[in-house]
């Protein structure tokens, strides 16, 4: 059985491969759990790719950031000298390219065909522009993505101050005929009756 001792904890080969699979699938929670269990970020899957490679290939920028923070080697090559930056540039994942460049990825690394990451990106695309600017020394800035998505104005209530007046409404306006538990109430109001003079 293939096991690896890390910090007194034994991690099976299957668990190591789960990190690569979760990174490729975009499963952030599983990636975080496995990293908390000290699964090494440099472990290879059956195709010779690391978790950073497959996350870059799929464009999972948040997972790329998590793996880089966990100490993943940003310039680790596969068998054909493909780096994570090659994978992200080839698939035009602009935010992932930015994250890798800021993480220290080598812009001039060549794959087995002597092609750099900018050579794999189509000319004029956003990913190509980021790589070209980085080659000239202009480092990219990450676009801030809020954890909670923006809620459009039409989906919000009419403000917080107007709620006081709205709470006074009973919510049964115009719905005569049914009372509690689906029984008909006859539509009459209950309470004090007015006296006739």
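In the working numbering, the protein residues as written are 502 to 698. For glycine and all other residues, C-beta sits at the position ideal for the given N, C-alpha and C.
Legend entry - Delimiting residues of the alpha helix (DSSP H) encompassing residue 635: 627 to 636
Legend entry - Option nearest residue 551 by Cα separation, candidates 598, 636, 520 and 531: 520
Legend entry - Beta carbon of residue 594 nearer than 9 angstroms to that of residue 571: no
Legend entry - Minimum C-alpha distance to residue 611 - residue among 628, 585 and 598: If you compare the alpha carbons of 628, 585 and 598 with that of residue 611, the shortest gap goes to 585.
Legend entry - Run of the alpha helix (DSSP H) containing residue 652, from where it starts to where it stops: Note, residue 652: premise wrong, no alpha helix (DSSP H); not H, not E.
Legend entry - Proximal residues to residue 619 (C-beta, below 8 angstroms), its chain only, five neighbours per side dropped: 590, 608, 629, 632, 633 and 636
Legend entry - Contact check, residue 561 vs residue 597, beta carbons under 9 angstroms: With contacts defined by Cβ atoms closer than 9 angstroms, residue 561 and residue 597 form a contacting pair.
Legend entry - Span of the alpha helix (DSSP H) around residue 618: 618 to 621
Inset, instruction - Could you spell out the range, first to last residue, of the alpha helix (DSSP H) harbouring residue 534? - result: 529 to 537
Inset, instruction - Please work out which residues of its chain come closer than 6 angstroms, Cβ to Cβ, to residue 518, disregarding the five sequence neighbours upstream and downstream, and give them in chain order. - result: 546
Legend entry - C-beta contact flag for residue 569 and residue 553 at 9 angstroms: yes
Legend entry - Buried versus exposed call for residue 652 [16 or more other C-beta atoms within 10 Å across all chains shown]: The residue in question, residue 652, is exposed, as its Cβ has fewer than 16 Cβ neighbours within 10 Å.
Inset, instruction - Out of 640, 581 and 580, point me to the one whose CA is closest to residue 606's CA. - result: 640
Legend entry - Buried versus exposed call for residue 587 [16 or more other C-beta atoms within 10 Å across all chains shown]: buried
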